[in-house]
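As structure tokens, the structure follows; a few thoughts come after it.
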Amino acid sequence: MDLIGIYLREAFQGTGCPICRIVEKYEREVIGHILYEHVNSPSVREKFSESLGLCPYHAWKLKDIAYSNPLYGGLGVAIIYEHMLSIYLNALKDEKKIEDGKCYLCELTEVKEKHTVEATVDRMDKLIEDYRNSEAILCKKHFEEIEVKLRRKNPELAEELKKVQIGKLEKIKTLMHLFIEKFDYRATRAPTEQEASSVPKAIESLKGLPLQINFVKRQKQHSILRGVLLGNRD
């Protein structure tokens, strides 16, 4: 297996959604790299200014990561957002409207997600057994993206992946049921660690991790639905 395959195998042997967790790790690494080395980089600063300091999700993510790590601290964030405030203030004084462009970190993480899904599809024949035997569980979004692409390429393998996914979901459901039963007044034992962990696993299997890539599709669907309900008023 190639290096990408080894990297994917490690994720599929872990817990939770392997795609979400790869993207989350990448996102944190990029933010750390920016805070540590590129706060004063003109090219990075220009990218930030296109969205006036990133989207709300990544702006707060940047701040949280910076303030949670003494190596970064608040200085880098202060330097970046002093510049963003200057841009905004100058625009207000000059009566210029600022249009929020695409968030730099959204672009990077969306590309990473796309490449990770494609790489997984290309190597699923080597990953299926690791996935079957691990505590990993693809979230609904990433399972569907992989399954659709895989069905075009290898229908039999796609069907096998679906069976594995169903088995994993049924296991989580069983553990959740046992967890709920432990709160019955007749229960004599406390919930096990595995039973308790089924709750966050169920949420992750349905919604993925709280990453911007998992909010975008729902935001678009909400906008479309809102347009249908309210009609086009332009």
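In the numbering used here, the protein residues as written are -16 to 217.
Positions of the beta carbon are idealized from the N, C-alpha and C atoms, including for glycine.
None of the values given here were measured: they were computed from a predicted structure.
For the stretch -11 to 31, the continuous alpha helix (DSSP H) assignments of 4+ residues that do not extend past its boundaries occur at 1 to 20, in sequence order. Shown here, Ala141 sits in a helix according to DSSP, grouped into three states. Rounded to whole angstroms, the separation of the alpha carbons of Pro174 and His41 is 36 Å. In the DSSP secondary-structure assignment, Ala119 is bridged to Gly(-1). Ile17 counts as buried, since at least 16 other C-beta atoms from the protein chains shown sit within 10 angstroms of its C-beta.
Distance between Thr(-2) and Tyr19, taken at the CA atoms: about 29 Å.
Each of Val6, Asp108, Met(-16), Asp105 was checked against the Cα of Leu192, and the nearest Cα belongs to Val6. Between Ser117 and Ile155, the gap from beta carbon to beta carbon reaches 8 Å or more.
Residue range 39 to 51 is occupied by the alpha helix (DSSP H) that includes Asp47. Burial check for His125: the Cβ neighbour count within 10 Å reaches 16 or more, so the residue is buried. Between Cys86 and Ser34, the gap from beta carbon to beta carbon is short of 8 Å.
Under the three-state reduction of DSSP, Lys165 is assigned to coil, being neither helix nor strand. With fewer than 16 other Cβ atoms from the protein chains shown falling within 10 Å of its own Cβ, Ala170 counts as exposed. For Leu75, the uninterrupted alpha helix (DSSP H) run begins and ends at 58 to 76, by DSSP. Here Glu101 carries a helix assignment [DSSP, helix/strand/coil]. Annotated three-state conformation of Ile111 is helix, per DSSP. Taking 8 Å as the cut-off, the Cβ atoms of Asp113 and Arg(-8) count as close.
Comparing alpha carbon positions, the residue from Lys132, Glu143, Cys38 closest to Leu91 is Cys38.
Leu(-14) carries a helical assignment under DSSP once its states are collapsed to helix, strand and coil. Residue nearest to Val104 within the set Glu128, Glu82, Tyr(-10) is Glu128 (criterion: CA-CA distance). Counted as a single uninterrupted DSSP element, the alpha helix (DSSP H) harbouring Ser180 occupies residues 176 to 190. If the five residues before and after Asn197 are omitted, its C-beta is found closer than 8 Å to the C-beta atoms of Cys3, Cys122, Lys124, Lys190, Gly191, all from its own chain and listed in chain order.
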